[in-house]
Amino acid sequence: ALTPPPGGGPVSTFAEDMRVGLRDLCGSLELSDVEIVAQGVHLPAHRLVLSLRSPYLCRVLRDLDAGAARPQRPGAAEPATVVLENVRAEVARCLLRYLYADEVPDLETRDDGELLQLAALARQCEC
Numbered sequence: 155a156l157t158p159p160p161g162g163g164p165v166s167t168f169a170e171d172m173r174v175g176l177r178d179l180c181g182s183l184e185l186s187d188v189e190i191v192a193q194g195v196h197l198p199a200h201r202l203v204l205s206l207r208s209p210y211l212c213r214v215l216r217d218l219d220a221g222a223a224r225p226q227r228p229g230a231a232e233p234a235t236v237v238l239e240n241v242r243a244e245v246a247r248c249l250l251r252y253l254y255a256d257e258v259p260d261l262e263t264r265d266d267g268e269l270l271q272l273a274a275l276a277r278q279c280e281c
């Protein structure tokens with residue numbers, strides 16, 4: 155059984171550490187190896203997260219690797235680039251937040267166009 159650390163602070167759990175770590179990693183350049191591009195805006199992402207959360211993005215990244223002279227590796231100079239055609243940058247940010255943290259920020263303030271585009275993009279990404 156886990157015992158609280160001295161001082162009675164919360165006990166860290168693997169699941170909680172992963173949840174917080176992934177949420178904090180969203181949008182971070184740290185260890186990023188993929189760029190999502192929407193409306194010319196480049197958003198850093200992480201191949202492992204995208205592949206685990208979206209079967210569609212997993213296939214896209216595998217196809218990019220297959221077409222490359224050599225597959226991208228973590229720490230490689232140039233990240234793989236996934237262009238989301240006709241997708242608003244803010245919608246792409248929302249999708250990434252959902253993939254990393256299982257949440258959609260400010261859902262109630264989104265206009266109908268953003269909500270429809272986000273729903274369509276989520277369906278396409280199979281998430």
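First residue of the sequence shown: 155, per the working numbering; consecutive thereafter. Glycine residues also receive a C-beta, built at the ideal position from the N, C-alpha and C atoms.
Can you say whether residue i is buried or exposed, counting buried as having 16 or more other CB atoms within 10 angstroms of its CB?
i      : result
Pro233 : buried
Ala199 : buried
Ser208 : buried
How is the beta strand (DSSP E) around residue i delimited, first residue to last?
i      : result
Val236 : 234-237
Using only alpha-carbon positions, find the residue among the options that is nearest to residue i.
i      : options                        : result
Val245 : Gly175, Leu197, Leu183, Arg177 : Leu197
Cys279 : Ser166, Leu238, Glu184         : Leu238
Leu249 : Arg177, Glu170, Phe168         : Arg177
Tyr210 : Leu185, Leu253, Glu170, Glu268 : Leu253
Glu257 : Cys180, Ala243, Asp266         : Cys180
Would a check of beta-carbon distances place residue i closer than 7 Å to chain D?
i      : result
Val174 : You won't find chain D in this structure, because it holds only one protein chain.
At what residues does the alpha helix (DSSP H) containing residue i begin and finish?
i      : result
Glu248 : The question names Glu, but residue 248 in the sequence shown is Cys. That run of the alpha helix (DSSP H) goes 243-255.
Val258 : Run containing Val258: none; DSSP gives neither H nor E here.
Ser205 : 201-207
Arg268 : Strictly speaking, residue 268 in this sequence is Glu, with Arg absent from that position. Its alpha helix (DSSP H) spans residues 266-278.
Quick one: any contact between the region 263-273 and the region 187-199, if contact means 3 or more CB pairs under 8 Å? no
Self-check item: 3 or more residues per run - each beta strand (DSSP E) lying fully within the region 158-197
Solution: 188-192
- prompt: Is the region 203-218 touching the region 257-266 in the sense that three or more CB pairs, one from each, lie closer than 8 Å?
  reply: no
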